[in-house]
Amino acid sequence: MEEIVKVQGLQKKFGKFTALHDVTFTLNAGEVVGFIGPNGAGKSTTIRTLLGIINRDAGDVKIFGKDVWTDSLEIHKRISYVPGDVALWGSLTGGEIIDLFIELHGGGDKNKRDYLIKRFELDPKKKAKGYSKGNRQKVGLIAALSVDSDLYIFDEPTSGLDPLMEAVFQDEVEKIKHAGKAILLSSHILSEVERLADKVAIIRQGKVVETGTLDELRHLTRSTVTLESEGDVAKMSSVNGVHDFEQKGNQVTFSADNEYINNILTEAAKLGVKKFEAVPPTLEDLFMRHYEV
Amino acid sequence: MKEKFARWGVLFVQYLKRDWKKNIIWILGLGLFSGGYVPAFEVIGKGQGLLGMYETMQNPAMISMVGPTPVDTAADYTLGAMYAQEMLLFCGLFAMIIAALHVVSHTRKEEEHGLTELVRSFQVGRQANSFAVITEIVFINSLLALVIGGVMTSFGADTISAKGSFLFGASVGMAGILGAVIALVMAQIMPTSSGATGASLGIVGLLYIVRAGTDVSKVNFSMINPMGWTYLTYPFTENNWVPLITAVVFNIIVVMIAFALEGGRDMGAGYLPEREGREAAKKSLLSVPGLFIKINKGVMISWMIAFVIMGAAYGSIYGDMQTFLSSNELMSKMFTLSGVSIEESFTGTIMMVMIGLVSILPIAIVNKLFSEEGRLHLSQLYSTKVTRAKLYWTSVILAIIAGVVGILLASGGLGGTAISAMGAGSSMNMGDFIAAGYNFLPSVLFFTGLAALALGWAPILGKAVYVYLGYSFALNYFGGILNLPEWFSKTAVQSWIPRMPADKFNGTTFITMTVISITLMVFGYIGYHKRDMVEGA
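Protein sequence lines, in the order shown, are assigned to chains P and X. Here the first sequence stands for residues 30 to 322, where the numbers follow the numbering used here. Here the second sequence stands for residues 504 to 1040, where the numbers follow the numbering used here.
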């Protein structure tokens, strides 16, 4: 697979404050990478570095194999970007702004533009100063999706959108994903990331602390197990790999290390299982686990 | 090259489209202002007018305000020479300030609003925006130069030649470009857009004051000053294009410096670091007055400094006045006859001009309340126990205090330097200066009252108060020169006040105007109390 984005040991300082310590991840063609992390972790700073509008202090950052700072123009020919807060010129209408953005990109598909305006239910004749947050966001999304790019960078793209429009967005992203495009999706809406992303990069305090497919990440963490047995279920608490043990009558809930799952099952079988449920961790669990530490 | 400037053309066309209304007002307004006074000056120049004006304009005080003339004898002081001396510097100064504000609003301000981030994510060069703005500025100022030249020539007045008219226009246009390039550099260096605006205007003000000094003492030194290259072209007399060529070279170099600086900086950041704020609020911030002082602090401090410098700059001229009188019999006689010393007469005039400028600060403070409202900064305050009365009166009272302190600083600065410049021969003491300053207090209150009235009933008109102030200021500045009819000069509010110390203090006028001003404020409050708050306009 073609490597579209490669970030290696990226560092960025603002004065004395180090915003990014060590950001490392890659993004391949036909792949959606979910970029998640708490506020102030450095998501937007990383994205601005990728766009070549701020310069890094150290590290290797390449898109399409080109340096993001020195070759930004070449790179921008083939990328689309939607920020989390789309700022617009109040005196222009939404339609005018979309056309301008398409023109600045280097041309796009007029039919696609009209189709998207309809799908996102945007009134393109209204002046931008009258748009709500969600409508401004739509303008950015329509402009970005109307052009043909190889890399799409979305920084909290659905903030302010209603759930229906969120679904439209996810639908459109799936289409471009199947067309073999690369997508970097930074978002706080974890269900959205879970649905769209193949890989996840978790950033915390300027450092990417975890990368991998959702499955890989899940494997690293514990599943939640609910167990009801005929025998004395309390015995389970001393089994290897069992944590956060809680008992309610004959039923227990605990989290289980995935590597010990076979062992746990064997021990449970000895007690006579009446009910056994194992729920893999959601992205939210992963997220919380990384943040709370 | 492409990496730097790609698609600047699209942005340029976009700017013309977005700004066309503003640009037309800019070009026509400044164009007519700069070129349209020819008939008025013809009236002044009739009979012995030019001769008298020549003598008046030899006064160092006048030169410090409007600039020098190359003419040595009254006989050579033509209509054109007079027009160029009295108008060129002032019009150029206007052009500089407007251009500087425009550049910052299209560079750093757009970065702060987040517009640049989106634009730059397209195939747009790192310097494309700056280049588009500078191109727009050059375009506007070229048109401006042609409009001024055309307007002036169209009057067909004697000695207002086409050649001189277009040089006059080009000088004003060049001043505009100079203001723009200064602002472009500041936009790269300063940490915020408001810092960039402040620094640009500060530099323009500094250049103006430095040239006031060099114009009076040794005009050749003014040619080292970039501002000098815009008004020392002497249209209609020497028609010297050389300073403009120097200015072109200078502007190109400065633009290149700005581009180099921009090439190395992050979007949204300047070279000077932003200071880190405090973690918890100081006690002094935790009240409505505390909050308002804090949000107006930058504006207040910079204007206060400007007032002192301005006072000091004009005060330093007092020393030269006696020298001027002893060398000029006619003027000397005139002053002896009227029974007023030249210093006293100048104090009255310059005080009116300075207190006019002092009025800007209170207007700005009152208008600030509305701009905070429009930006939704106050939305969270409305829902607390803070009343509208508290918001309104805190703003108005803060504005009044700022006006009172401003007058003290301006008149104190003037008096302090004037007394030391005059030395033993001083005919005035500090008290005279301070009294002359506070004599104009009602005019400051009046402008504050107007702004307050606008805030209450039609906050959009808050900006119009500046227009009226500018109008009054121009009338006062040129009133003495232009010999305007009585009713016309009376449309400027300051004209109602006698000019101390030459004239006597008029208690009735003072009290009447103060009462009218306070009434305006009360009316403003009635409006503010009941009108809808503007959200997000």
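Note that the Cβ used here is the ideal one computed from N, Cα and C, for glycine as well.
Between the C-alpha atoms of V947(X) and T733(X), what's the straight-line distance to the nearest angstrom?
Position 444 of the second sequence, counted from the first residue, corresponds to residue 947(X). Position 230 of the second sequence, counted from the first residue, corresponds to residue 733(X). The alpha-carbon atoms of V947(X) and T733(X) are separated by roughly 33 Å.
Hey, quick one: how far does the alpha helix (DSSP H) through N562(X) stretch, first residue to last?
The residue given as residue 562(X) occupies position 59 in the second sequence. Per DSSP, N562(X) lies in no alpha helix (DSSP H) and is assigned neither H nor E.
With C-beta atoms as the reference, is L49(P) less than 9 Å away from R107(P)?
In the first sequence, residue 49(P) corresponds to position 20, counting from 1. In the first sequence, residue 107(P) corresponds to position 78, counting from 1. Cβ distance not < 9 Å, so L49(P) and R107(P) don't count as in contact.
Pick from K139(P), F149(P) and L180(P): whose alpha carbon is nearest that of K35(P)?
Counted from its first residue, the first sequence places residue 35(P) at position 6. K35(P) has its Cα closest to that of L180(P), out of K139(P), F149(P) and L180(P).
Reference E223(P); option with closest CA among F64(P), G59(P), G159(P) and S252(P)
For the purposes of this step, residue 223(P) is taken as the residue at position 194 of the first sequence. It is F64(P) whose Cα lies nearest to the Cα of E223(P).
Answer yes if the segment 607-627 of chain X comes into contact with the segment 758-777 of chain X, meaning at least three C-beta pairs across the two stretches below 8 Å, and no otherwise.
The segment 758-777 of chain X is in contact with the segment 607-627 of chain X.
Just curious, the alpha helix (DSSP H) that D128(P) is in, first and last residue?
Your numbering for residue 128(P) matches position 99 in the first sequence. Per DSSP, D128(P) belongs to the alpha helix (DSSP H) from G123 to H134.
Around the Cβ of P542(X), are there at least 16 other Cβ atoms within 10 angstroms (buried) or fewer (exposed)?
Residue 542(X) sits at position 39 when you count from the first residue of the second sequence. P542(X) counts as exposed, since fewer than 16 other beta carbons sit within 10 angstroms of its beta carbon.
Rounded to the nearest angstrom, what separates A905(X) and G766(X) at their Cα positions?
Against the second sequence, residue 905(X) aligns to sequence position 402. Against the second sequence, residue 766(X) aligns to sequence position 263. Rounded to the nearest whole angstrom, the C-alpha separation of A905(X) and G766(X) is 41 Å.
So for L881(X), helix, strand or coil by DSSP?
Counting from one through the second sequence, the residue named residue 881(X) turns up at place 378. The answer is coil: DSSP assigns L881(X) none of H, G, I, E or B.
Answer with yes or no whether the minimum CB distance from V36(P) to chain X is below 9 Å.
On the first sequence, residue 36(P) is found 7 positions in, with the first residue counted as 1. At least 9 Å separates the CB of V36(P) from every CB of chain X.
Kindly list the residues whose CB is nearer than 6 Å to the CB of F981(X), restricted to its own chain and excluding five residues on each side of it in sequence; keep chain order.
By one-based count along the second sequence, residue 981(X) stands at place 478. Excluding its 5 nearest sequence neighbours in each direction, F981(X) has no C-beta neighbour in its own chain below 6 Å.
Between the CA atoms of G793(X) and G955(X) - distance to the nearest angstrom
Residue 955(X) sits at position 452 when you count from the first residue of the second sequence. Residue 793(X) sits at position 290 when you count from the first residue of the second sequence. The question names Gly, but residue 955(X) is Ala in the sequence shown. When rounded, the distance between both Cα atoms is 20 Å.
Where the segment 48-71 of chain P meets chain X: residues whose CB sits under 7 Å from a CB there
Under the 7 Å Cβ criterion, the segment 48-71 of chain P contributes no residue.
Using the rule of at least 16 other Cβ atoms within 10 Å of the residue's Cβ for burial, across every protein chain shown, is F597(X) buried or exposed?
Residue 597(X) sits at position 94 when you count from the first residue of the second sequence. Answer is buried; the Cβ neighbour count reaches 16.
In its own chain, which residues sit with a C-beta less than 7 Å from the C-beta of A173(P), not counting the 5 before and 5 after it?
Against the first sequence, residue 173(P) aligns to sequence position 144. Within the same chain, and ignoring the five residues on either side of A173(P) in sequence, the residues whose Cβ sits closer than 7 Å to its Cβ are S109, Y110, V111 and Y181.
Have a look at L978(X) and F544(X) and give me their C-alpha separation to the nearest angstrom.
Here residue 978(X) is taken as the residue at index 475 of the second sequence, counted from 1. Here residue 544(X) is taken as the residue at index 41 of the second sequence, counted from 1. Spanning the two alpha carbons is a distance of roughly 14 Å.
If we count the other Cβ atoms within 10 Å of its Cβ and call it buried at 16 or more, is D575(X) buried or exposed?
For the purposes of this step, residue 575(X) is identified with residue 72 of the second sequence, where counting begins at 1. Flag for D575(X) reads exposed.
Can you name, in chain order, every residue of its own chain whose Cβ lies under 6 Å from the Cβ of A602(X), other than the five neighbours on each side?
To locate residue 602(X), count along the second sequence from 1; it is residue 99. If the five residues before and after A602(X) are omitted, its C-beta is found closer than 6 Å to the C-beta atoms of I640, G679, G682 and A683, all from its own chain and listed in chain order.
Helix, strand or coil for F1008(X) per DSSP?
For the purposes of this step, residue 1008(X) is identified with residue 505 of the second sequence, where counting begins at 1. Of the three classes helix, strand and coil, the one that applies to F1008(X) here is coil, per DSSP.
Identify the residues that DSSP records as bridge partners of V540(X): which are they?
For the purposes of this step, residue 540(X) is taken as the residue at position 37 of the second sequence. Residue 540(X) is actually Tyr in this sequence, not Val. DSSP output for Y540(X) lists no bridge partner at all.
Can you give me the Cβ contacts of V899(X) inside the same chain, cut-off strictly under 6 Å, excluding the 5 residues immediately before and after it?
Translated into the one-based positions of the second sequence, residue 899(X) becomes position 396. Once the five neighbours on either side are set aside, the close Cβ partners of V899(X) are A955 and M1024.
In angstroms, rounded to a whole number, what distance separates the CA positions of D128(P) and T78(P)?
Mapped onto the first sequence, residue 128(P) falls at position 99. Mapped onto the first sequence, residue 78(P) falls at position 49. D128(P) and T78(P): Cα-Cα distance of roughly 26 Å.
Closer than 8 Å, Cβ to Cβ, to anything on chain X: give me those residues from the segment 125-137 of chain P, in chain order.
Flagged, chain order: L129, F130, E132, L133, H134 and G135.
Tell me, which residues are paired with L256(P) by DSSP?
Counting from 1 along the first sequence, the entry for residue 256(P) is found at position 227. According to DSSP, which records beta bridges pairwise, L256(P) is partnered with V281(P) and F305(P).
According to the neighbour-count rule (16 or more other Cβ atoms, all chains shown, within 10 Å of its Cβ), is W806(X) buried or exposed?
As a working mapping, residue 806(X) is identified with position 303 in the second sequence. Result: buried.
Exposed or buried, what is G1027(X) when buried is set at 16 or more other beta-carbons lying within 10 Å of its beta-carbon?
As a first step, residue 1027(X) must be located in the second sequence, where it is residue number 524. Buried.
For A173(P), three-class secondary structure by DSSP:
By 1-based counting over the first sequence, the position of residue 173(P) is 144. Here DSSP, grouped into helix, strand and coil, assigns A173(P) to helix.
Thinking just about the alpha-carbon of each residue, which of A58(P), N164(P), K204(P) and Q234(P) is nearest to the one in K147(P)?
Taking the first residue of the first sequence as 1, we reach residue 147(P) at position 118. Ranking A58(P), N164(P), K204(P) and Q234(P) by Cα distance to K147(P) puts N164(P) first.
From the beta carbon of F762(X), is the nearest beta carbon of chain P less than 9 Å away?
Working through the second sequence from its first residue, we reach residue 762(X) at position 259. So no, F762(X) is outside the interface.
Find out if the Cβ-Cβ distance for the pair G119(P), K162(P) is shorter than 9 Å.
Taking the first sequence and counting its residues from 1, one reaches residue 119(P) at position 90. Taking the first sequence and counting its residues from 1, one reaches residue 162(P) at position 133. No Cβ-Cβ contact shorter than 9 Å links G119(P) with K162(P).
For I868(X), which residues in the same chain have their Cβ closer than 7 Å to its Cβ, ignoring the five residues on either side in sequence?
Within the second sequence, numbered from 1, the residue matching residue 868(X) stands at position 365. For I868(X), where only same-chain residues beyond five positions count, the Cβ hits under 7 Å are N799, S898, L901, A902 and A905.
K42(P) and S215(P) look like a contact to me (Cβ under 8 Å); what is the Cβ gap, rounded to whole Å?
Position 13 of the first sequence, counted from the first residue, corresponds to residue 42(P). Position 186 of the first sequence, counted from the first residue, corresponds to residue 215(P). Contact between K42(P) and S215(P) fails: their C-beta atoms lie close to 21 Å from each other, not under 8 Å.
Taking its Cβ as the centre, do 16 or more other Cβ atoms sit within 10 Å of A1040(X), making it buried, or is it exposed?
Within the second sequence, numbered from 1, the residue matching residue 1040(X) stands at position 537. With a pLDDT of 44 at A1040(X), under the threshold of 50, the modelled position of this residue cannot be trusted, and the question is left open.
Under DSSP, the alpha helix (DSSP H) around Y345(P) begins and ends at which residues?
Look at the range of chain P in this structure, 30 to 322, and you will see that residue 345(P) is not part of it.
Secondary structure of G934(X), DSSP reduced to three states:
The count along the second sequence starts at 1 and reaches residue 934(X) at position 431. Helix, per DSSP.
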